[in-house]
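Student: Here's a structure for you.
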Amino acid sequence: AFESNCPMVKCSHDGPVIRFPFRVPGRQPPNCGRPGFDLVCKENTTMIDFPTYGPLVVKSISYDFRKLTLLDPKNCVHEVFLNLNPSGTPFQYYYLLKNFTYLNCSTRLSPSLNQVSCLSDSRNHVYTVESSFPMPFSCTQLKAISIPFSYTPYLADNSFGLGFTWRLPGCEGCESRGGSCVFPSKEGLKTGCPSIAKDKGFSTVHLFSSGTGSMILSILVFILVMTTMISIKVYFRQKLKVDEAGENENLL
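So this is what it looks like as structure tokens:
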């Protein structure tokens with residue numbers, strides 16, 4: 244069985260459960276995870292390494308919502324925003340993105356703007372501003388980038404975390420159906436969602452693909468619409484008969 248060959252592991256008692264598509268090399272076989280989803284246990288801390296930035300702490304993993312929440316060991320979320328490029332990874336930001344510009348200024352700007360403290364010092368004052376913000380004379384542009392948030396003191400302590408999501412074809416809605424996204428076989432990289440159904444003491448495994456799920460959903464929606472239309476038609480037909488009967492009684 245897949246579960247026996249691919250045991251769920253943790254880096255610590257309070258750490259997130261690690262299972263498909265994630266895996267810890269050396270503790271779980273290669274077929275237990277997808278490429279790019281490798282995690283590392285370092286001093287009882289769950290870590291993931293991004294080539295464009297480096298290691299980040301894995302705070303939590305929600306398999307239902309496909310959400311990976313990360314923390315920066317340096318406590319500087321905006322350094323991650325500036326340097327991490329998720330396009331070369333299986334991940335993308337979980338939240339909607341907005342265009343911002345990072346400015347490096349030789350003098351402080353308006354007190355209404357919060358400088359990014361972890362990127363600033365006495366000579367360099369770094370800010371995140373909207374793309375339409377006019378460039379001050381004392382500033383140069385560091386980078387224009389799409390990120391989930393501009394700088395706020397609330398994000399300064401790294402408590403909010405970095406939210407990422409992932410997509411695996413064939414596994415959409417798998418967890419909500421009570422299944423677990425896995426490799427159905429040890430050969431190939433095609434993922435699937437086995438759903439175990441009990442029938443007269445026997446277990447049968449059905450493999451749902453995204454195409455099959457979409458077709459079933461379309462059929463169910465069509466049936467629902469048709470049933471609603473028929474019910475409305477019958478209702479008005481019966482109402483018309485009642486109204487006509489009432490008019491005939493009045494004439495008599």
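Using my numbering, you'd call the opening residue of the sequence shown number 244 and step up by one each time. C-beta: ideal position from N, C-alpha, C; glycine also. Quantities reported herein were computed from a predicted structural model and do not represent experimental measurements.
1) Around the Cβ of SER393, are there at least 16 other Cβ atoms within 10 angstroms (buried) or fewer (exposed)?
2) Go through its chain and collect everything with a Cβ distance to GLU418's Cβ below 7 Å, but skip five positions before and after it.
3) What residue does the alpha helix (DSSP H) around GLU322 start on, and which one ends it?
4) So, for LEU339: in the same chain, excluding its five sequence neighbours on each side, which residues have a beta-carbon less than 8 Å away from its beta-carbon?
5) In terms of residues, what are the limits of the beta strand (DSSP E) holding ASN347?
6) Should ARG351 be labelled buried (16 or more other beta-carbon atoms within 10 Å of its own) or exposed?
7) Rounded to a whole number of angstroms, what is the C-alpha to C-alpha distance between ILE473 and LEU460?
8) Please report the distance separating the alpha-carbon of THR395 from that of ASN357.
9) Quick check: what's the CA-CA separation for PHE465 versus GLY276?
10) So, helix, strand or coil for SER474, using DSSP?
11) Output the distance between the C-alpha atoms of PHE343 and VAL260, rounded to the nearest integer angstrom.
12) Between the beta-carbon of PHE334 and the beta-carbon of PHE263, is there less than 8 Å?
13) By Cβ distance below 6 Å, which residues in the same chain neighbour LEU385 in space, the five residues on each side in sequence not counted?
14) Taking Cβ to Cβ, would you say CYS284 is nearer than 8 Å to VAL267?
15) Per DSSP, MET290 is paired with what?
16) Hey, which unbroken runs of the beta strand (DSSP E) at 3 residues or more fall wholly within the region 349-403?
17) Grab me the residues of PRO354's own chain with a C-beta within less than 7 Å of its C-beta, minus the 5 sequence neighbours each way, in chain order.
18) Our contact map puts LYS310 next to TYR336 with C-beta atoms below 8 Å; I'd like the distance itself, whole angstroms only.
Tutor: The structure says:
1) Buried, since its Cβ has 16 or more Cβ neighbours within 10 Å.
2) Counting only Cβ-Cβ distances below 7 Å, and skipping sequence neighbours, we find TYR306 and ASP307.
3) Taken as a continuous stretch (DSSP letters only), the alpha helix (DSSP H) holding GLU322 covers 320-326.
4) Scanning its chain for C-beta atoms nearer than 8 Å, with the 5 sequence neighbours on each side dropped, one finds around LEU339 the residues PRO391, in chain order.
5) 341-348 is the span of the beta strand (DSSP E), which, as asked, contains ASN347.
6) That one is exposed.
7) Rounded to whole angstroms, ILE473 to LEU460 spans 20 Å at the Cα level.
8) So the alpha carbons of these two residues sit roughly 7 Å apart.
9) Taken atom to atom, the span from the alpha-carbon of PHE465 to that of GLY276 is near 37 Å.
10) In the structure shown, SER474 sits in a helix (DSSP, three-state: H, G or I).
11) Each residue's alpha carbon lies about 35 Å from the other.
12) Result no, Cβ atoms of PHE334 and PHE263 do not sit closer than 8 Å.
13) Cβ-Cβ distances below 6 Å link LEU385 to TYR345 and ASN347 in the same chain, with the five nearest sequence neighbours on each side left out; the list follows chain order.
14) The beta carbons of CYS284 and VAL267 sit closer together than 8 Å.
15) According to DSSP, which records beta bridges pairwise, MET290 is partnered with VAL283 and VAL300.
16) The beta strand (DSSP E) runs of length 3 or more contained entirely in the region 349-403 are, from start to end of the chain, 368-373 and 382-390.
17) The answer is none, since no qualifying residue turns up.
18) Between LYS310 and TYR336 a beta carbon distance of about 11 Å is seen, past the 8 Å cut, so the two are scored as non-contacting.
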